[in-house]
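Using the numbering used here, read the sequence shown as starting at 4 and increasing by one per residue.
Yeah, the Cβ is synthetic: ideal placement off N, Cα and C, and Gly gets one too.
The structure presented is a predicted model; accordingly, all values stated were derived computationally and were not measured.
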Amino acid sequence: MKQRYRELCRQGMPIPLYLQDWWLDAVCGFDEWMAFVLEEEGTVSGVMPCYMPVPGHISMPPFTQFLGSYSFIGINEDSTTSFRTHRRVHDMLRSMLPPHKSFMVQYSKDFTDWLPYYWQGYSQTTRYTYRIDLSPGIDVVRMAIRPDAMKKIRKAERDGLRCTSATVDDLLRLCRISMSRQEAKGFAVETLQRLAEVAIERHAGEIVGCEDSEGRLLAAVFLAHDHNTAYTIASGQIREGQGRNAGAFALYEAIWRACEMEGIHTFDFEGSMLEGVEGFFRSFGGIQTPYFRLSKGRIGLYGRLRRKWRAFHDTGQQKQV
């Protein structure tokens, strides 16, 4: 069934970025994920990839906002029929999952009916991302940016900062600086490197950089996109001196570039639940958008240690397909 899923990804099905096979190869490892396809009367009704880093435990890979089941039908039906159709598709996909001791998966914002999971003993936690509607154009998008964010952007312009394209090595270096400053642990450097490289190679991603007048790179934003949405996946910056406003300037440039992409009508900041970060995203006009994390069961100590070891040591070797 995984091969069939790869075929669907290559055939141009409207599969979201995080559910693409090349994305899953990069963040999970070639052999560490599985996929289920629901086909009815020759039509693909839905899909459900999942990540099982430890046998019997379904979880989320790094740099991935959502996975879970995804329905392709019911969009053009009336609301009552559509609701029933989506519920049936999601229920059938859930029934395909292998036996598991624990489950922790975040679903797309389009998944709003978790009641059948509740009946089966699952718990739900609401998480938030922030999104901008790009369809009105950059002028309207710019008007929604709050004065405090525009002040940073204008200050960066006055200081002579300019935006450019950056390399994967630039991104990793600046992300390490940001992670060190925040004393963050578990930053999967090799996973991010693989992900950025394959996204750029497939013309599904780019790295926006911000440099000073002397050409010193101060900030970088990794932007990836599918057929209709652009996502900020990772970013880093130097906060000293002129670098204080470089992150805002690079993010503004990323939004502008997303507006210029054909077919892209939404910019997703990819989070965040962190108090300081979510305020920063809202200052750019981001609209708070909920999505669900569903969970059931608990992973044991051995499983937790093994999952952490696999994530932090980036053991998944990639194959070219």
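Indicate the three-state DSSP secondary structure (helix, strand or coil) for Leu277 in the structure shown. By 1-based counting over the sequence shown, the position of residue 277 is 274. In the structure shown, Leu277 sits in coil (DSSP, three-state: anything other than H, G, I, E or B).
Which same chain residues, not among the five before or five after Glu200, have their C-beta less than 7 Å away from its C-beta? The residue given as residue 200 occupies position 197 in the sequence shown. Here the set comprises Val171.
Do you know whose CA, among Val40, Ala147, Glu263, Val224, lies nearest Glu10's CA? Translated into positions along the sequence shown, residue 10 becomes position 7. With distances taken between Cα atoms, Glu10 lies closest to Val40.
Relative to the C-alpha of Ile18, which residue among Ser138, Ile180, Thr232, His89 is closest? One-based indexing of the sequence shown puts residue 18 at position 15. Per the Cα distances, Thr232.
Nearest neighbour of Leu164, chosen from Ala147, Pro119, Glu217 [CA to CA]: Against the sequence shown, residue 164 aligns to sequence position 161. Nearest option by C-alpha distance: Glu217.
Residue ranges of each beta strand (DSSP E) within the segment 236-275, 3 or longer: 269-271
So who's on the other strand from Trp36, going by DSSP bridges? Against the sequence shown, residue 36 aligns to sequence position 33. According to DSSP, which records beta bridges pairwise, Trp36 is partnered with Tyr54.
Helix, strand or coil for Tyr294? Go by DSSP, reduced to three states. One-based indexing of the sequence shown puts residue 294 at position 291. Strand, per DSSP.
So, does the segment 293-302 touch the segment 257-264, judging by three or more C-beta pairs under 8 Å? no
C-alpha distance - Val280 paired with Gly59, whole-angstrom precision: Taking the first residue of the sequence shown as 1, we reach residue 280 at position 277. Taking the first residue of the sequence shown as 1, we reach residue 59 at position 56. Cα to Cα, Val280 sits roughly 34 Å from Gly59.
Is it the case that the segment 266-278 contacts the segment 203-223, given that we only count it when at least three CB pairs across the two stretches are under 8 Å? no
Alpha carbon to alpha carbon, what distance is there between Val144 and Leu254? Within the sequence shown, residue 254 is the residue found at index 251, counting from 1. Within the sequence shown, residue 144 is the residue found at index 141, counting from 1. Between Leu254 and Val144, the C-alpha separation is close to 13 Å.
In this structure, does DSSP put Leu195 in helix, strand or coil? Mapped onto the sequence shown, residue 195 falls at position 192. Leu195: helix per DSSP, three-state reduction.
C-alpha gap between Ala222 and Gly32, whole angstroms: In the sequence shown, counting from the first residue as 1, residue 222 sits at position 219. In the sequence shown, counting from the first residue as 1, residue 32 sits at position 29. Cα to Cα, Ala222 sits roughly 29 Å from Gly32.
C-alpha distance - Ser238 paired with Trp259, whole-angstrom precision: Taking the first residue of the sequence shown as position 1, residue 238 is located at position 235. Taking the first residue of the sequence shown as position 1, residue 259 is located at position 256. Each residue's alpha carbon lies about 16 Å from the other.
With distance defined between alpha-carbon atoms, name the residue in Thr46, Arg134, Arg87, Gln109 nearest to Ile61. Within the sequence shown, the letter at position 58 stands for residue 61. Answer by Cα proximity: Gln109.
For Gln320, I'd like the list of residues in its chain whose CB is within less than 8 Å of its CB, leaving aside the five on either flank, ordered along the chain. Within the sequence shown, residue 320 is the residue found at index 317, counting from 1. Interpretation of Gln320 is limited by its pLDDT of 36, a score under 50 that renders its predicted location unreliable; no figure is taken from the coordinates.
In angstroms, rounded to a whole number, what distance separates the CA positions of Trp26 and Phe86? Numbered from its first residue, the sequence shown carries residue 26 at position 23. Numbered from its first residue, the sequence shown carries residue 86 at position 83. Distance between the alpha carbons of Trp26 and Phe86: 29 Å.
Using a Cβ-Cβ cutoff of less than 8 Å, which residues in the same chain neighbour Asn248 once the five nearest sequence positions on both sides are dropped? Residue 248 sits at position 245 when you count from the first residue of the sequence shown. So the list reads Lys155, Ile156, Lys158, Ala159, Asp162, Leu164, once near-sequence residues are dropped.
Endpoints, alpha helix (DSSP H) assigned at Tyr120: If you number the sequence shown from 1, residue 120 lands on position 117. Unbroken alpha helix (DSSP H) run through Tyr120: 118-122.
Taking the beta strand (DSSP E) that Leu11 belongs to, which residues open and close that run? Position 8 of the sequence shown, counted from the start, is the residue given in the question as residue 11. First-last for Leu11: 5-13, but that is the alpha helix (DSSP H), not the beta strand (DSSP E).
Start and end residues, alpha helix (DSSP H) containing Arg134: Reading the sequence shown from its first residue, position 131 is the one you call residue 134. Looking at the DSSP string, Arg134 is not in any alpha helix (DSSP H); the run it does join, the beta strand (DSSP E), is 126-136.
Would you mind reading off the limits of the beta strand (DSSP E) that contains Met107? On the sequence shown, position 104 is the one that residue 107 refers to. Residues 105-109.
Does the pairing of the segment 288-299 with the segment 86-100 give three or more beta-carbon distances under 8 Å? no
Of the listed residues Arg242, Ile76, Arg176, nearest to Glu44 (C-alpha basis): Locating residue 44 in the sequence shown gives position 41, where the first residue counts as 1. Out of Arg242, Ile76, Arg176, Ile76 has the C-alpha closest to the C-alpha of Glu44.
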